[in-house]
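S.K.: Numbering (numbering that gives the first Met the number 0), first residue to last: 0 to 453.
By construction, the Cβ of each residue, glycine as well, lies at the ideal position given by its N, Cα and C atoms.
Keep in mind it's a predicted model, so treat the numbers as computed, not measured.
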Amino acid sequence: MKRNYYRITAMLLTLFLVTMLVAACGSKSDTNKNVAGSTEPADSQSASASGEPQKAVTLSLLANKDHWTLGTQAIVDAFNAKGTGITVEVEVLPGGNETDNIMKTRLATGEAPDIFQWLSGAKLNDVAPEQNFEDLSAEAFMSNVDESFKSVMSLNGKVYGIPGSPAQFGVWFYNKKVYDELSLKAPKTWAELMDNSEKIKAAGKTAIIAPYKDAWTSQLIVLADHYNVKHSVPTLAADLTANKVKLQDVPEYVRSWEKLQEVFTKGYISKDALSMSYDTALKMLAEGTGVQFPMGSWMLDALVEKYPDQAKDIGSFVQPSDDASVNGITLWMPEGLMMSKQSENKDSVRKFLDFYVSKEGTDAFMSKQKPAGPFLVKGITLPDDVLPAVKDAVQYIDNGAANAALEFESPIKPTSFEKITILVAAGFKTPLEGVKMTDAENEKYAKLQKLAGW
0 MKRNYYRITA
10 MLLTLFLVTM
20 LVAACGSKSD
30 TNKNVAGSTE
40 PADSQSASAS
50 GEPQKAVTLS
60 LLANKDHWTL
70 GTQAIVDAFN
80 AKGTGITVEV
90 EVLPGGNETD
100 NIMKTRLATG
110 EAPDIFQWLS
120 GAKLNDVAPE
130 QNFEDLSAEA
140 FMSNVDESFK
150 SVMSLNGKVY
160 GIPGSPAQFG
170 VWFYNKKVYD
180 ELSLKAPKTW
190 AELMDNSEKI
200 KAAGKTAIIA
210 PYKDAWTSQL
220 IVLADHYNVK
230 HSVPTLAADL
240 TANKVKLQDV
250 PEYVRSWEKL
260 QEVFTKGYIS
270 KDALSMSYDT
280 ALKMLAEGTG
290 VQFPMGSWML
300 DALVEKYPDQ
310 AKDIGSFVQP
320 SDDASVNGIT
330 LWMPEGLMMS
340 KQSENKDSVR
350 KFLDFYVSKE
360 GTDAFMSKQK
370 PAGPFLVKGI
380 TLPDDVLPAV
390 KDAVQYIDNG
400 AANAALEFES
410 PIKPTSFEKI
420 TILVAAGFKT
430 PLEGVKMTDA
440 ENEKYAKLQK
450 LAGW
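And the structure:
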């Protein structure tokens, strides 16, 4: 009897110990889960339709300092604040050609971010979009994107990105106070622009600001003239791409280069142009010591930052043609945001891109930065308090007198272009010599890209 009692007691004790051991293991497992989970913020968790918590997702976005602004960051911040369980972390590279090389290396080594910021137009081919990025054509949010942007972010019928910022434009900025003092009016022809410049020069001011220390600034007169060239030669981009024409055989295109050199030969740019910096150019325009500045609207952000009180005194006019009846604006399309094929969080990327091109997204942009051009998102209008220079330019867009720069209509634009324009701008080469050099560089570039017909 006693033996049976001890046997039963031993069995109960064993059962108790086993139960405690299992409970302890379960508790330890739960504790480990809690420790691992503690690395994520508590408010970054979201719930699924079944009520079960979902794992927080962090998306990486690789951006270029040259194209990442307070406005674009504001869109990211607004998305992160929604508490969707998705957080976008932005890595901003310093800019320039070195940044381009870093981005390409990340793609080649399998270290691509979830979201990739890259140029539209001619430079899209440089990152092999068909190989590296998802086709967004069928995504619902693409219905919000203006067709003009889709066309410059496409390859073989597939669209690879959304607009990362508002469009920009190439125009002549001018100091309105000085224009008023000299009783000048915005020119409608190139001849009128030269007449205005002569009067400004006679008044002891620099007529045309040319900060050629930064060689890229020497491109603007040629590039901004594309609206005028296309008006006369509408098939230029297609013919250039298909190798059906040489630019040296297009008088209207050569004329753009003649304009570039004319402002030099007539002494309208300052004698120290080759040593003048971009920052000096902004100062001259703001203070009125320099009066006209051919430049892209990206200049306005820096102008407002450095000279907020003078920014309202700056207006703009489009690059004049030789015919007063032909006046329109050349647009620079924004960079695109693309979804990497390497991303493991594509659904989360889609949600972010959808927000980016929504009214909520563009409102976030405008809460931190005044746009220097139109959003290429349908239904979005510019606020009334944009700068006068933007208002002057946008009227051409609203009236349909606008087209993209040549580099967005043709995939051919070699990186050496600015090295050629500076030679013509400073009088070292003739306009025709510059165009012939461009033809030679175009051929090298097209063959490197293996374009059909080359």
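Can you list, in chain order, the residues of its chain whose CB lies under 7 Å from that of residue 415, leaving out five sequence neighbours each side?
M.R.: Counting only Cβ-Cβ distances below 7 Å, and skipping sequence neighbours, we find 440.
S.K.: Should residue 116 go down as buried or exposed, given a rule of 16 or more other Cβ atoms within 10 Å for buried?
M.R.: Flag for residue 116 reads buried.
S.K.: With contact counted as at least three CB pairs below 8 Å, one residue from each stretch, are the region 412-430 and the region 384-401 in contact?
M.R.: Too few Cβ pairs lie closer than 8 Å, so no.
S.K.: Which ranges would you report for the beta strand (DSSP E) in the region 357-417 if only whole runs of at least 3 residues count?
M.R.: 401-403, all fully within the region 357-417.
S.K.: Identify whether residue 207 lies in helix, strand or coil by the three-state DSSP scheme.
M.R.: Residue state, collapsed to three classes: strand.
S.K.: Could you tell me the distance, in whole angstroms, from the CA atom of residue 424 to the CA atom of residue 218?
M.R.: So the two alpha carbons sit approximately 9 Å from each other.
S.K.: Please list, in chain order, all residues of the same chain as residue 373 whose beta carbon is under 7 Å from its beta carbon, the five residues on each side excluded.
M.R.: Contacts found: 165, 166, 381, 393, 396.
S.K.: Return helix, strand or coil for residue 15, following the three-state DSSP convention.
M.R.: Low local confidence applies: a pLDDT of 45 at residue 15 is under 50, so the model's placement there is unreliable, and no value is given.
S.K.: If you measure between the beta carbons of residue 220 and residue 333, is that distance less than 8 Å?
M.R.: Result no, Cβ atoms of residue 220 and residue 333 do not sit closer than 8 Å.
S.K.: Which residues does DSSP pair with residue 331 in a beta bridge?
M.R.: In the DSSP output, where bridge partners are listed per residue, residue 331 has 167.
S.K.: Okay, do the region 100-108 and the region 153-162 touch, 3+ Cβ pairs below 8 Å being the bar?
M.R.: In short, these stretches do not touch, since the Cβ pair count stays below three.
S.K.: When DSSP labels each residue in this structure, what does residue 62 get in the three-state scheme?
M.R.: Strand.
S.K.: Taking the alpha carbon of residue 161 as the reference point, which residue from 185, 136, 176 has its own alpha carbon closest?
M.R.: If we check each option's Cα against that of residue 161, 136 comes out closest.
S.K.: Taking the alpha carbon of residue 62 as the reference point, which residue from 90, 86, 227 has its own alpha carbon closest?
M.R.: If we check each option's Cα against that of residue 62, 90 comes out closest.
S.K.: If you draw a straight line from the alpha carbon of residue 359 to that of residue 144, how long is it in whole angstroms?
M.R.: So the alpha carbons of these two residues sit roughly 14 Å apart.
S.K.: From which residue to which residue does the alpha helix (DSSP H) around residue 315 run?
M.R.: It is not in any alpha helix (DSSP H) - residue 315 instead sits in the beta strand (DSSP E) that spans 313-316.
S.K.: Tell me where the beta strand (DSSP E) around residue 86 begins and ends.
M.R.: It spans 85-92 - the beta strand (DSSP E) in which residue 86 sits, taken as one unbroken run.
S.K.: So what does residue 173 bridge to, in DSSP terms?
M.R.: Per DSSP, 291, 314.
S.K.: Does the region 70-82 come close enough to the region 361-370 that 3 or more CB-CB pairs lie under 8 Å?
M.R.: As far as the Cβ criterion goes, the region 361-370 touches the region 70-82, which means the pair count is three or higher.
S.K.: In the region 210-253, which residue ranges form an unbroken alpha helix (DSSP H) of at least 4 residues, counting only runs that do not cross its ends?
M.R.: You should have 219-223, 225-231, 235-240.
S.K.: Between residue 79 and residue 86, how many whole angstroms is the CB-CB distance? I'm expecting something under 8 Å.
M.R.: The pair is a contact, with the Cβ atoms about 5 Å apart (cut-off 8 Å).
S.K.: Skipping 5 residues on each side, what residues in its chain have a beta carbon closer than 7 Å to that of residue 400?
M.R.: Answer for residue 400: 326, 327, 328, listed in chain order.
S.K.: Could you tell me how far apart the beta carbons of residue 457 and residue 320 are, in whole angstroms, since I believe they sit closer than 8 Å?
M.R.: Here the chain has residues from 0 to 453 only, and residue 457 is not among them.
S.K.: Rounded to whole angstroms, what's the CA-CA distance from residue 123 to residue 283? Just pull it up for me.
M.R.: Going by the C-alpha atoms only, they are around 35 Å apart.
S.K.: Return the residue from the list 108, 114, 211, 82 that minimises the CA-CA distance to residue 88.
M.R.: The shortest C-alpha separation from residue 88 is found at 114.
S.K.: My understanding is that residue 249 touches residue 235, with C-beta atoms under 8 Å, so please give their C-beta distance in whole angstroms.
M.R.: At roughly 7 Å, the Cβ-Cβ gap stays under 8 Å, so residue 249 and residue 235 are in contact.
S.K.: Thinking just about the alpha-carbon of each residue, which of 84, 419, 66, 93 is nearest to the one in residue 259?
M.R.: It is 419 whose Cα lies nearest to the Cα of residue 259.
S.K.: Identify, in the order they occur along the chain, each residue of the same chain with its Cβ nearer than 7 Å to the Cβ of residue 232, setting aside the five sequence neighbours on each side.
M.R.: 249, 251, listed in sequence order.
S.K.: Applying the criterion that 16 or more other CB atoms from any shown protein chain within 10 Å of the CB defines a buried residue, is residue 149 buried or exposed?
M.R.: So residue 149 counts as buried.
S.K.: Please look up how many angstroms separate the CB atoms of residue 151 and residue 120, rounded, as I've assumed it's under 8 Å.
M.R.: The pair is a contact, with the Cβ atoms about 5 Å apart (cut-off 8 Å).
S.K.: In the DSSP assignment, find the alpha helix (DSSP H) that holds residue 115 and state where it starts and stops.
M.R.: Segment 114-117 is the beta strand (DSSP E) holding residue 115; no alpha helix (DSSP H) there.
S.K.: Can you tell me whether residue 275 is helix, strand or coil according to DSSP?
M.R.: Note: residue 275 maps to coil in three-state DSSP.
S.K.: Here's a check: name, in chain order, each residue in its chain whose Cβ is nearer than 8 Å to the Cβ of residue 92, leaving out the five neighbours to either side.
M.R.: So the list reads 61, 62, 63, 64, 98, 101, 102, once near-sequence residues are dropped.
S.K.: Quick check: what's the CA-CA separation for residue 298 versus residue 95?
M.R.: If I take the Cα positions, the gap works out to 16 Å.
S.K.: So, at 8 Å on beta carbons, what are the nonlocal neighbours of residue 142 in its own chain, with the 5 sequence-adjacent residues on each side left out?
M.R.: So the qualifying residues of the chain are 377.
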